[in-house]
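Novice: For what it's worth, our numbering labels the leading residue of the sequence shown as 24, then goes sequentially.
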Amino acid sequence: MIEVVLKKGKEKAVLHRHPWVFSGAIEKVKGKPANGDVVKLIDAKGVFMAYGFYNDQSRVALRLLEWDETVEINEQWFKDKVAVAVESRSEVLVDGVTNTCRLIFSESDYLPGLIVDKYADHLAVQVLTSGIEKMMPCIIDELNRILKPESIFDKSDATSRGHEGLQTQNIVLAGTHPPDRVEVIENGIKYNINIAEGQKSGFYCDQRDNRKIVAAHAKGKKVLDCFSYTGGFTLNALQNQAAAVMSVDSSALAVETLKENVLLNGFDAGKVTTVTSDVNKQLRKLREDGGLFDIVVLDPPKYAPSRSALDKASRAYKDLNRLGMLLLNKGGLLATYSCSGAMNMETFKQVLAWAALDAGKQVQFINQLCQPEDHPVRSSFPEGEYLKGLLCRVY
Ligand code: SAH
Numbered sequence: 024m025i026e027v028v029l030k031k032g033k034e035k036a037v038l039h040r041h042p043w044v045f046s047g048a049i050e051k052v053k054g055k056p057a058n059g060d061v062v063k064l065i066d067a068k069g070v071f072m073a074y075g076f077y078n079d080q081s082r083v084a085l086r087l088l089e090w091d092e093t094v095e096i097n098e099q100w101f102k103d104k105v106a107v108a109v110e111s112r113s114e115v116l117v118d119g120v121t122n123t124c125r126l127i128f129s130e131s132d133y134l135p136g137l138i139v140d141k142y143a144d145h146l147a148v149q150v151l152t153s154g155i156e157k158m159m160p161c162i163i164d165e166l167n168r169i170l171k172p173e174s175i176f177d178k179s180d181a182t183s184r185g186h187e188g189l190q191t192q193n194i195v196l197a198g199t200h201p202p203d204r205v206e207v208i209e210n211g212i213k214y215n216i217n218i219a220e221g222q223k224s225g226f227y228c229d230q231r232d233n234r235k236i237v238a239a240h241a242k243g244k245k246v247l248d249c250f251s252y253t254g255g256f257t258l259n260a261l262q263n264q265a266a267a268v269m270s271v272d273s274s275a276l277a278v279e280t281l282k283e284n285v286l287l288n289g290f291d292a293g294k295v296t297t298v299t300s301d302v303n304k305q306l307r308k309l310r311e312d313g314g315l316f317d318i319v320v321l322d323p324p325k326y327a328p329s330r331s332a333l334d335k336a337s338r339a340y341k342d343l344n345r346l347g348m349l350l351l352n353k354g355g356l357l358a359t360y361s362c363s364g365a366m367n368m369e370t371f372k373q374v375l376a377w378a379a380l381d382a383g384k385q386v387q388f389i390n391q392l393c394q395p396e397d398h399p400v401r402s403s404f405p406e407g408e409y410l411k412g413l414l415c416r417v418y
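(1) Is the beta carbon of Phe290 within less than 7 Å of some heavy atom of the ligand SAH?
(2) Measuring CA to CA, which of Met24, Leu38, Ser274 is closest to Ser403?
(3) Let me know the secondary structure DSSP gives Leu315 once reduced to three states.
(4) Could you give the DSSP three-state label for Tyr214: helix, strand or coil?
(5) How about the segment 190-205 and the segment 163-173: do they share at least three Cβ pairs that are nearer than 8 Å?
(6) Around the Cβ of Pro160, are there at least 16 other Cβ atoms within 10 angstroms (buried) or fewer (exposed)?
(7) Quick check: the Cα distance between Gly412 and Pro56, rounded to an integer number of angstroms?
(8) Please classify Met269 as buried or exposed, where buried requires at least 16 other C-beta atoms within 10 Å of its C-beta.
(9) So, for Val400: in the same chain, excluding its five sequence neighbours on each side, which residues have a beta-carbon less than 7 Å away from its beta-carbon?
(10) Under a three-way DSSP split, which group does Thr152 fall into?
(11) How is the beta strand (DSSP E) around Glu89 delimited, first residue to last?
(12) Considering just the uninterrupted stretch of the alpha helix (DSSP H) at Tyr340, what are its terminal residues?
(13) Relative to the ligand SAH, is the shortest distance from any of its heavy atoms to the C-beta of Pro324 smaller than 7 Å?
(14) So, helix, strand or coil for Ala401, using DSSP?
(15) When you compare only the Cα positions, how much space is there between Ser337 and Phe371?
(16) Would you say the segment 225-243 touches the segment 280-291, given that touching needs at least three Cβ pairs under 8 Å?
(17) Helix or strand or just coil, what does DSSP make of Gln99?
(18) Looking at C-alpha atoms only, which residue of Ile216, Gln264, Val319, Leu247 is the closest neighbour of Leu276?
(19) Just reading off the beta strand (DSSP E) that Met487 is part of, what are its end residues?
(20) Per DSSP, what kind of secondary structure is His186 in: helix, strand or coil?
(21) Comparing the C-beta of Met348 with each C-beta of chain B, is any distance below 8 Å?
(22) Tell me Leu247's beta-bridge partners as DSSP assigns them.
(23) Are the Cβ atoms of Ala108 and Val44 separated by less than 8 Å?
(24) How many angstroms separate the CA atom of Gly154 from the CA atom of Leu414?
(25) What are the partner residues of Asp140, as DSSP defines its beta bridges?
(26) How big is the Cα-Cα spacing for Asp177 and Lys31?
(27) So is the beta-carbon of Asp140 under 7 Å away from any non-hydrogen atom of the ligand SAH?
(28) Does the segment 45-53 come into contact with the segment 103-120, if we say contact requires no fewer than three beta-carbon pairs (one atom in each stretch) closer than 8 Å?
(29) Please indicate yes or no: does the CB of Gln230 lie closer than 7 Å to some heavy atom of the ligand SAH?
(30) Give the single residue among Arg86, Glu26, Met24, Lys53 whose Cα lies nearest to the Cα of His41.
(31) Report yes if the CB atom of Leu351 is closer than 8 Å to the CB atom of Leu357, and no otherwise.
(32) What residues are listed by DSSP as bridge partners for Ile49?
(33) Whole angstroms are fine: how far does the CA of Asp79 sit from the CA of Met252?
(34) Identify, in the order they occur along the chain, each residue of the same chain with its Cβ nearer than 8 Å to the Cβ of Glu206, setting aside the five sequence neighbours on each side.
(35) Hey, Ala327 and Leu321: beta-carbon distance below 8 Å or not?
(36) Just the Cα atoms here: how many angstroms apart are Lys53 and Val28?
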């Protein structure tokens, strides 16, 4: 196996089992590994440190897999990791209640670059590293063996693949092409998912717990669901007898699907107003119109793709939240999220404090929210923590 020598002084992160080694931390490569090959990382004295995937196209030149030298990294190693990850979701999936979740979450499940989402009997897969791409035949075999899905569809994100020098691909990996509409159920609520055309891998299953937590406050309330996508927060609020919901999203396909989902669940479509618009525009319009809500949900896309974008993103989050606060009745609830990994909870609270000052409001944080258990955060890989939310009472 080809050996890669780590620069002296760069050992700490590896010893702490962080799975990334940046290209700048590498002293030399003894040989010419192909991208995606498993290599052996050694320290400057030649002592074994870990095995990992190699890629000279990526800033993360090594993605570490295993720290025990005696373990062989073969097909069975990958199959075992797949099986363990899938098994650990067995309590998230409950017959007749929830049949959609994330089965494999990349580094957090010890499989760097592999994401697998389950939508009833269909799987949507993202293959984001050249190492995982090489192992896909045995990973697909294992997924087929354990889950017997009707289809496995590649829904890889083009930008992330580009970082590893990989081409974009959206193809059927196994079984049939997934149908345009796959009906799933989450917390007892039904959704139509378009795996091939929808955003992300089709659905944002990372908000499953948060939808329920917010909806618990919705009975008899007027709710404004901003960045609604296909209706996650809207449908949960309706399930809990909200008086009225306004759902805002800039994607016409998302809003159409939301309307279908309202009917699919037999909810009263008369309670729902949909608006296909930029949220900032709509919030300003609502402010001019003078209407107020009891609950405002803000679940925007990632504003800070990296740490360098954090300042600009913080201002955007602040502005958005200021507008949201101004549309609340006294004592109303703001459920606000950031899915930017670069923003931690402390900074997010600070942003909310600034927004409150600007809006002339007082804010209590009544619940701190995060990603659900099928998006685990590995203690040695804090980067896996990305979704945070605050449930705020606003006076
Ligand atoms: N709350 C949703 C997930 C939101 S994902 C759920 O529970 O499923 C973010 C959403 O924001 C996407 O649907 C995207 O179409 C929408 N979006 C992105 N930028 C927007 C903008 N400026 N105005 C309105 N919607 C926007």
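Note that beta-carbon positions come from the ideal geometry of N, C-alpha and C, so glycine has one too.
Specialist: Taking the coordinates as given:
(1) no
(2) Leu38
(3) coil
(4) strand
(5) yes
(6) exposed
(7) 42 Å
(8) buried
(9) Ser131, Gly407, Glu408
(10) coil
(11) 83-89
(12) 333-349
(13) yes
(14) Inspection of the sequence shows that residue 401 is occupied by Arg rather than by Ala. In this structure, Arg401 counts as coil in the three-state DSSP scheme.
(15) 8 Å
(16) no
(17) helix
(18) Ile216
(19) Outside the modelled stretch of the chain, which goes from 24 to 418, sits residue 487, for which no answer is possible.
(20) helix
(21) Any reference to chain B falls outside this structure, which holds one protein chain only.
(22) Met269, Val319
(23) no
(24) 40 Å
(25) Arg125, Ala147
(26) 40 Å
(27) no
(28) no
(29) yes
(30) Arg86
(31) yes
(32) Leu29
(33) For the record, residue 252 in the displayed sequence is Tyr; it is not Met. Approximately 37 Å, taken between the alpha carbons.
(34) Ala143, Lys213, Tyr214, Asn215, Ile216, Leu287
(35) no
(36) 8 Å
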